[in-house]
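First up is the structure itself, then whatever we jot down about it.
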């Protein structure tokens, strides 16, 4: 039984990282109705920027701050150069734009900062830690704690503040939001900046795990099943979806994997997402349109 | 159009001069509409479905741009200033607000958050926001009992009240009201127009109301314009228009 709980908890902790990545998508999807394919390359760009600065001898906190500034400037540029000119175009147009954007951001990141694998040391030792009878990774625990803090801040931001209510208003009915003077461009700028910052945190945590390299941008693909399970429009859904995917993946690898010859982690989440599409296409927490009859 | 410029500038809050609106660069929705809304007046914009009423209002509020349309000719002046190139959110800040056809409440937000969102443009303090909410609840007591209900779950009449209340939170001097009677029971329509009239009397809010329901609209308006296929075909004081027997014929296109 201890082993089961260890597997479960380990999966849940890994799941918080999936949640972090997924939240970036949810924010942008809510504000502009587009699946931002570039989220993964934003994450890579953020992590690479941080590592490069840190390698140049910039202290940790300052490097973090500078990277946040870079991500905010990037968000402003994307809003001005990509989103604003394409406003009111079809979803597929916007999707193609973010697809193109992802290659540009990735190319820029590698061109400016090199494509070799960079080690990222956040100063957290990955030593086993005993919680009661359970053995857990200290790094995972701290990563999860960081995710929880970030998510709490975001939840407060989007539920309690003017910006949050504006964002939900835009997500609900963009024309109506414009009609009462909500500045759509401002909302996009804020949301892309926040998504970039979330990407930075996710990028650092993932990067510390597997090194900062090109494959970091592929976590986009991992976020998809999370979003399908949790729902594209809900931050809460992204969190729960991430936890479900993390836990299910880990449990499946240990308990089902041996029956299928192992190595099922890469695809198990997608099979799970497919099952969810059959029974709950809007995801667990996705907003279904309110219809009065 | 050769109104004496000085006179119209003094009397009119809004002047629309011979505008043309084109959708997608090709479809002509409004072709030569001129109208004016005097300060403190209620003006009706009448016409059948598709006559161009909504497009005219969207041209005035600037929301046409959000639908890939543009004002390709003519001038819209508000409080003496040309609105060309002024984005919708600035127009709201200048005191003009548009209540869209079909209400368009934020269905997932509570009634109170819907109202609150209307106050954002003025960057109110928490205190001022609460005071203003109470002001709206005084106009629409029914909304107070539903303040924590998601707006999408309220009745059609209540949604219309939310939409109007939300617009009033911007503290407008001119409200562009599109089809407030649509899909509502006659009693509710009456109730809503009564509130409009009261706001007009007591707060000097001006209204430009697009309506298919001629009788109700002209009952409350001082002036009316009748649109047909994107043009003003008739205009005059409400009494004049009501006195004519042929308004319905114009609606049906058989002048």
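Chains as they are written, first to last, in the UniProt record's numbering: chain A, 1 to 293; chain B, 1 to 255.
Virtual Cβ for every residue (Gly too), placed ideally from N, Cα, C.
From what residue to what residue does the beta strand (DSSP E) around residue i run?
{"i": "residue 17 (chain B)", "result": "12–23"}
{"i": "residue 281 (chain A)", "result": "Per DSSP, residue 281 (chain A) belongs to no beta strand (DSSP E) and is neither H nor E."}
{"i": "residue 130 (chain A)", "result": "128–131"}
{"i": "residue 239 (chain B)", "result": "Unbroken run through residue 239 (chain B) is the alpha helix (DSSP H), 238–243; no beta strand (DSSP E)."}
{"i": "residue 216 (chain B)", "result": "Run containing residue 216 (chain B): none in the beta strand (DSSP E); it sits in the alpha helix (DSSP H), 214–220."}
{"i": "residue 27 (chain B)", "result": "27–38"}
{"i": "residue 124 (chain A)", "result": "Run containing residue 124 (chain A): none; DSSP gives neither H nor E here."}
Which bits of chain B does residue i rub up against, with CB to CB less than 7 Å?
{"i": "residue 175 (chain A)", "result": "63, 66, 100, 104"}
{"i": "residue 169 (chain A)", "result": "106, 109, 117"}
{"i": "residue 162 (chain A)", "result": "120"}
{"i": "residue 141 (chain A)", "result": "Within 7 Å Cβ-Cβ: nothing; residue 141 (chain A) doesn't reach chain B, min ~35 Å."}
{"i": "residue 243 (chain A)", "result": "In chain order: nothing, as chain B lies at least about 24 Å away."}
{"i": "residue 94 (chain A)", "result": "By Cβ distance, chain B contributes nothing, its closest Cβ being about 14 Å from residue 94 (chain A), past 7 Å."}
What residues from chain B crowd round residue i, counting only those whose CB sits closer than 9 Å?
{"i": "residue 181 (chain A)", "result": "88, 89, 90, 91, 92, 93, 97, 118, 120, 121, 122, 170"}
{"i": "residue 86 (chain A)", "result": "By Cβ distance, chain B contributes nothing, its closest Cβ being about 11 Å from residue 86 (chain A), past 9 Å."}
{"i": "residue 156 (chain A)", "result": "Correct list: empty, because the minimum Cβ distance to chain B is about 15 Å."}
{"i": "residue 83 (chain A)", "result": "Neighbours of residue 83 (chain A) on chain B: none; closest Cβ ~14 Å, over 9 Å."}
Beta-carbon within less than 6 Å of residue i's beta-carbon, same chain only, minus the 5 sequence neighbours each way: which residues are those?
{"i": "residue 226 (chain A)", "result": "18, 22, 241, 242, 245"}
{"i": "residue 58 (chain B)", "result": "64"}
{"i": "residue 262 (chain B)", "result": "In the structure displayed, chain B extends from 1 to 255; residue 262 (chain B) sits before or after that span and is not available."}
{"i": "residue 12 (chain B)", "result": "36, 38"}
{"i": "residue 242 (chain B)", "result": "218"}
{"i": "residue 49 (chain A)", "result": "67, 70"}
{"i": "residue 147 (chain A)", "result": "16, 20"}
{"i": "residue 177 (chain A)", "result": "169, 170"}
{"i": "residue 244 (chain B)", "result": "none"}
Within its chain, find whatever has a CB closer than 8 Å to the CB of residue i; leave out the 5 residues flanking it on each side and keep chain order.
{"i": "residue 8 (chain A)", "result": "247, 250, 251"}
{"i": "residue 183 (chain B)", "result": "156"}
{"i": "residue 239 (chain B)", "result": "none"}
{"i": "residue 182 (chain A)", "result": "166, 169, 170"}
{"i": "residue 109 (chain B)", "result": "117, 150, 151"}
{"i": "residue 185 (chain B)", "result": "157"}
Would you mind telling me which residues of chain B sit closer than 8 Å to residue i, beta carbon to beta carbon, in chain order?
{"i": "residue 172 (chain A)", "result": "106, 107, 108, 109"}
{"i": "residue 137 (chain A)", "result": "What residue 137 (chain A) touches in chain B: nothing, since even the nearest Cβ is about 39 Å away."}
{"i": "residue 284 (chain A)", "result": "Near residue 284 (chain A) there are no residues of chain B at all, since even the closest Cβ is about 16 Å away, more than 8 Å."}
What first and last residue would you give for the alpha helix (DSSP H) that runs through residue i?
{"i": "residue 132 (chain B)", "result": "126–139"}
{"i": "residue 84 (chain B)", "result": "No alpha helix (DSSP H) holds residue 84 (chain B); DSSP gives it neither H nor E."}
{"i": "residue 119 (chain B)", "result": "111–119"}
{"i": "residue 165 (chain B)", "result": "156–168"}
{"i": "residue 256 (chain B)", "result": "The shown model of chain B, from 1 to 255, leaves out residue 256 (chain B), and the question about it has no answer."}
{"i": "residue 265 (chain B)", "result": "The requested residue 265 (chain B) is not part of the displayed model; chain B covers only 1 to 255."}
{"i": "residue 6 (chain A)", "result": "2–32"}
{"i": "residue 264 (chain A)", "result": "From DSSP, residue 264 (chain A) is part of no alpha helix (DSSP H); its letter is neither H nor E."}
{"i": "residue 172 (chain A)", "result": "162–172"}
Counting only the same chain and skipping the five closest in sequence on each side, list residues whose C-beta sits under 7 Å from that of residue i.
{"i": "residue 119 (chain A)", "result": "211"}
{"i": "residue 97 (chain A)", "result": "82, 86"}
{"i": "residue 103 (chain B)", "result": "159, 160, 163"}
{"i": "residue 221 (chain B)", "result": "42, 43, 44, 209, 238"}
{"i": "residue 155 (chain A)", "result": "235"}
{"i": "residue 114 (chain B)", "result": "105, 106, 151, 162, 166"}
List the residues of chain A that residue i touches, going by C-beta distances under 7 Å, in chain order.
{"i": "residue 113 (chain B)", "result": "165"}
Give a yes or no on whether 9 Å exceeds the smallest Cβ distance from residue i to chain E.
{"i": "residue 77 (chain A)", "result": "The chain inventory of the structure shown lacks chain E, comprising the protein chains A and B."}
Practice prompt. Below 7 Å between beta carbons is the criterion; list the residues of the segment 33–66 of chain B that meet it against any residue of chain A, in chain order.
Written response: 61, 63, 66
Practice prompt. Give, in chain order, every residue of the segment 99–122 of chain A whose Cβ lies closer than 8 Å to some Cβ of chain B.
Written response: none
Discussion item. What are the residues in the segment 11–37 of chain A lying within 7 Å of chain B by C-beta distance?
Written reply: none
Discussion item. In chain order, what are the residue ranges of uninterrupted alpha helix (DSSP H) at least 4 long that sit wholly in the segment 50–90 of chain A?
Written reply: Listed in chain order, they are 60–78.
Worksheet item: Closer than 7 Å, Cβ to any Cβ of chain A: which residues of the segment 163–193 of chain B, in chain order?
Response: 166, 167, 170
Item to complete: Return the chain-ordered ranges of every alpha helix (DSSP H) run that is complete within the segment 175–262 of chain A and spans a minimum of 4 residues.
Response: Correct list: 184–210, 219–230, 235–255.
Item to complete: Compile a chain-ordered list of the residues in the segment 249–280 of chain A whose CB is closer than 8 Å to at least one CB of chain B.
Response: Going along the segment 249–280 of chain A in chain order, one finds no residue with a Cβ nearer than 8 Å to chain B.
Worksheet item: Counting only runs that start and end within the segment 44–85 of chain B, where is the beta strand (DSSP E) found for 3 or more residues in a row?
Response: 69–78
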